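Here's the structure we're looking at; comments come further down.
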Amino acid sequence: EEFNREAANFEETCLKSLRAFESKRELTELFYKAFDGTEVLPLSFQEEYQQLKETEPIRAAELLVPISYGRLHQLRGLNRVMSDTGEYPVVVDVPYDSELGLDFNELSKQTFGVNIT
């Protein structure tokens, strides 16, 4: 539902207003907003990711979870980023739920790589 809403917003504000050789400040802001994020690997998936990345890289990539750079910065401040700077993927110790995704409400709990579902 959120994806469909964002896709419709993108079409309305960006695609329908495109004009050759013209630039709008709003479009620039929307562009950067759309890419304000990265993907992280929940610690609970690290072993599975390592097993899959050489033989089934597409399945391995499906274990990555998108988050904003702001959220990643917050996790660094809370010492929840388990990988070294520049290492890919960034591994985070955040509870993960298969239906809800990363559970940022439970940041007081260490997962130690165990899924909560």
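With the numbering used here, letter number 30 in the sequence shown gets 23, and the count goes up by one each step, no holes.
Glycine is no exception: its CB is placed at the ideal position from the N, C-alpha and C atoms.
All values reported here derive from a predicted model rather than from experimental measurement.
DSSP links Asp90 through a beta bridge to Gly94.
Of the other Cβ atoms in all chains shown, 16 or more fall within 10 Å of the Cβ of Phe38; this residue is therefore buried. A Cβ-Cβ distance of about 15 Å is found for the pair Leu45 and Val84, leaving them out of contact under the 8 Å criterion.
Per the C-alpha coordinates, the member of Ala1, Phe97, Ala0 and Arg(-2) positioned closest to Leu65 is Phe97. In the structure shown, Leu34 falls within a strand segment according to DSSP collapsed to helix, strand and coil.
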